[in-house]
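Report on the following structure.
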Ligand SMILES: CC(C)(COP(=O)(O)OP(=O)(O)OC[C@H]1O[C@@H](n2cnc3c(N)ncnc32)[C@H](O)[C@@H]1OP(=O)(O)O)[C@@H](O)C(=O)NCCC(=O)NCCS
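Chains as they are written, first to last, in my numbering: chain R, 11 to 183; chain X, 17 to 139.
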């Protein structure tokens, strides 16, 4: 994991293009796992506009992962395109309950060509550390319920199921 | 809590329904809200049920079924086609109730506790 860890860094503005592509892939995979998570037609535009805003937010953590096979100190490392990303947010649960800082792991995605190199686990670990460093008292992550693989990965990282998000369509009757 | 309810009753995006017994005693309630979608995933507009509660001695009499039905009708009237809610995995009664009403699993929220020494004491 050390090699993968050193391939993770904070996202920069120069990553915008690659990050937009990665995020659209991430959303596309969720939509594939469950059609109820289908994309809106302007998902790409909105992502392009949202990413620079997110990068400037103090309560948000946006990380990218580079190909661990490339030396992070080597020549050209500065313009190497990210092949993975992760995003987290420091939130608070509704004030009716005891106020608690929740570190939310919102999105984690590794380009399929670069899976199996430890990037996903490294991103989750570093994102968790960053959220805890900003005061998170607990970490949470939501995965599509049909996405067994993502869930198994989180359980291996010490996460346990807390709640289910249920849905009902009213149009179907 | 009373202040929260009072603000919900004023808010046009909030819906609250109650079950009354004998015209004076409230034995259950359900509340929902109309929200915008996140912008990249459907739907553009969705309803969320935030609360559903029936007093213990009045459970399994079909009260929640009627409360939820009325709340869904009101959400539908507000132009909502999709409704979501969160239920704790340990709350087997609530999960059985919603499943019996045709709700199905969308996402699983997982949690990991943070060891106290890992936290920033200033936070
Ligand atoms: C969940 C709750 C609102 C259900 O209220 P209720 O009025 O008892 O529910 P209903 O009588 O309308 O139940 C309708 C159907 O749901 C199912 N159901 C409801 N409660 C159930 C339980 N505890 N176990 C198994 N099935 C249950 C049954 O199929 C039931 O039909 P049946 O009684 O003919 O078998 C109630 O148990 C409650 O207030 N719980 C505490 C608060 C809570 O957990 N709220 C939900 C948060 S997501």
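No residue lacks a Cβ here, since even glycine has one placed at the ideal position from N, Cα and C. Computed from a prediction, not measured in an experiment: that's the story for all the values here.
With three or more CB-CB distances shorter than 8 Å, the segment 28-38 of chain R counts as touching the segment 114-131 of chain R. Under the Cβ criterion of 8 Å, residue 127/X is counted among the residues facing chain R. Taking C-beta atoms as the reference points, residue 100/X and residue 176/R count as a pair closer than 8 Å. Within the segment 134-175 of chain R, the complete beta strand (DSSP E) segments of 3 residues or longer fall at 148-154, listed in chain order. By the Cβ rule, the segment 142-150 of chain R does not count as touching the segment 82-93 of chain X, because fewer than three pairs are nearer than 8 Å. The beta-carbon of residue 131/R is placed no less than 8 Å from the nearest beta-carbon of chain X. Cβ neighbours of residue 69/X within its own chain (closer than 7 Å, five residues either side excluded): 44, 45.
Secondary structure of residue 132/X (DSSP, three-state): helix.
Per DSSP, the continuous alpha helix (DSSP H) segment holding residue 54/R begins and ends at 53-65.
For residue 113/R, the closest alpha carbon among the candidates 121/X, 122/X, 112/X, 127/X is that of 127/X.
Close to chain X, meaning a Cβ-Cβ distance shorter than 8 Å, are the following residues of the segment 165-183 of chain R: 165, 167, 168, 169, 170, 171, 172, 173, 174, 175, 176, 177, 178, 179, 180, 181.
With the rule of 3 Cβ pairs closer than 8 Å, the segment 87-94 of chain R does not count as touching the segment 62-70 of chain R. Taking C-beta atoms under 8 Å as the contact rule, residue 97/X and residue 55/R fail to qualify, at a distance of about 23 Å. Annotation: residue 30/X to residue 84/X spans about 14 Å, alpha carbon to alpha carbon. Of all alpha-carbon atoms in 44/R, 148/R, 13/R, the one lying nearest the alpha-carbon of residue 169/R is that of 148/R.
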